[in-house]
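K.L.:
In the numbering used here, the protein residues as written are 409 to 601. Next up is a structure, given as structure tokens.
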Amino acid sequence: MEIIMRTTLLFSALLLAGPAAAQDIEALKRDTREKALPVLPKVVKMMQDTVAAEGVAGAIPVCKEKAPALLKARAEELGWKMRRVSLKTRNPERGMPDAWETAQLTSFDVRAAAGEPATALEVGEVMTQADGTQMFRYMRAIPVGDVCLSCHGATAEIAPEIKDELAKTYPQDRATGYSKGQIRGALTIERPL
Ligand code: HEC
Numbered sequence: 409m410e411i412i413m414r415t416t417l418l419f420s421a422l423l424l425a426g427p428a429a430a431q432d433i434e435a436l437k438r439d440t441r442e443k444a445l446p447v448l449p450k451v452v453k454m455m456q457d458t459v460a461a462e463g464v465a466g467a468i469p470v471c472k473e474k475a476p477a478l479l480k481a482r483a484e485e486l487g488w489k490m491r492r493v494s495l496k497t498r499n500p501e502r503g504m505p506d507a508w509e510t511a512q513l514t515s516f517d518v519r520a521a522a523g524e525p526a527t528a529l530e531v532g533e534v535m536t537q538a539d540g541t542q543m544f545r546y547m548r549a550i551p552v553g554d555v556c557l558s559c560h561g562a563t564a565e566i567a568p569e570i571k572d573e574l575a576k577t578y579p580q581d582r583a584t585g586y587s588k589g590q591i592r593g594a595l596t597i598e599r600p601l
């Protein structure tokens, strides 16, 4: 009896330590989506409302302060880490991807070019950290919509006063030249398991 119990315990321990099964990943993706993604349309709406009420220059603080603040607040509620990253950053101090994120962003661009809608691109992976604990990493593409073009579109589309304003704060700005539907970057999440 005791041997059977021990064997069962050993098996459970092995199962727990083993790589996460495909259905676990799907469940984690779904749960992460439900908890985190509602922030994204909130930011877009805030951007649209602010541009309408205060013009493009008045909306700079939405992408600069309000969007990161909303993400941070939600992340703190959840006990996760959440931020925006891009292959072409405007603010390299905040938006630089790490090696894993760079690989995922590159693969999003490949998948979008192959016809997957940018609005639905996501990836999720369970990773074992250096200290042996596990973490779920998730990324979701952030597509370029109409309202984004006045600050991230082709330079000809950006008003001269906005260009000046952006150049002052972001001398290393690489986040222009986008067209509608392209991938501006991604929401990236680290969720302790
Ligand atoms: C009014 C100008 C403006 C508009 C419109 C705008 N952005 Fe931004 N965006 C900025 C600024 C300024 C930053 C730099 C923020 C910072 O300092 O962290 C930025 C940064 C970002 C970043 C973080 C990565 C990076 O490049 O540093 C993402 C992602 C982003 N914008 C997506 C969008 C999307 C998607 C839209 C449309 C829904 C949009 N932006 C519309 C001005 C704008």
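We treat Cβ as the ideally placed atom computed from N, Cα and C, and that holds for glycine. On a predicted model such as this, the values are computed, not experimentally measured, just so you know.
Nearer than 7 angstroms: is that true of the beta carbon of residue 482 relative to any heavy atom of the ligand HEC?
P.N.:
no
K.L.:
Flag residue 524 as yes if its beta-carbon sits less than 8 angstroms from any beta-carbon of chain B, otherwise no.
P.N.:
Here there is only one protein chain, and chain B is not present.
K.L.:
Are the region 467 to 482 and the region 437 to 456 touching by the rule of at least three beta carbon pairs closer than 8 angstroms?
P.N.:
Counting C-beta pairs with one atom in each stretch, the region 467 to 482 and the region 437 to 456 have three or more that are closer than 8 angstroms, which means they touch.
K.L.:
Rounded to a whole number of angstroms, what is the C-alpha to C-alpha distance between residue 512 and residue 458?
P.N.:
31 angstroms
K.L.:
Check the DSSP bridge columns for residue 597 and list the partner residues they point to.
P.N.:
490, 546
K.L.:
Return the chain-ordered list of same chain residues with a C-beta closer than 7 angstroms to the C-beta of residue 517, the five sequence neighbours on each side being excluded.
P.N.:
591
K.L.:
Quick check on the DSSP output: the beta strand (DSSP E) that includes residue 535 runs from which residue to which?
P.N.:
530 to 536
K.L.:
What did DSSP end up calling residue 446 once you bin it into helix, strand or coil?
P.N.:
Note: residue 446 maps to coil in three-state DSSP.
K.L.:
Can you list, in chain order, the stretches of the alpha helix (DSSP H) that have 4 or more residues and sit fully within the region 458 to 508?
P.N.:
475 to 486, 500 to 503
K.L.:
Run through the region 557 to 588 for me and flag every whole alpha helix (DSSP H) of 4 or more residues, listed as ranges in chain order.
P.N.:
For the region 557 to 588, whole alpha helix (DSSP H) runs of length 4 or above, ordered along the chain, are 557 to 560, 568 to 577.
K.L.:
Would you report the Cα separation of residue 484 and residue 558, rounded to the nearest angstrom?
P.N.:
Cα to Cα, the separation comes out at about 31 angstroms.
K.L.:
From residue 481 to residue 487, what distance separates their C-alpha atoms?
P.N.:
10 angstroms
K.L.:
Measuring alpha carbon to alpha carbon, tell me which of 444, 429, 465, 460 ends up nearest residue 575.
P.N.:
465
K.L.:
By DSSP's criteria, residue 591 is part of a beta bridge. Which residues make up the other side?
P.N.:
551
K.L.:
Just checking residue 591 against the ligand HEC - is the residue's beta carbon closer than 7 angstroms to any of the ligand's heavy atoms?
P.N.:
no
K.L.:
Mind the definition here: the region 534 to 544 touches the region 569 to 587 only if three or more C-beta pairs lie below 8 angstroms; say whether that holds.
P.N.:
no
K.L.:
Throw me the rounded Cβ distance for the residue 500 and residue 580 pair, which I believe falls under 8 angstroms.
P.N.:
6 angstroms
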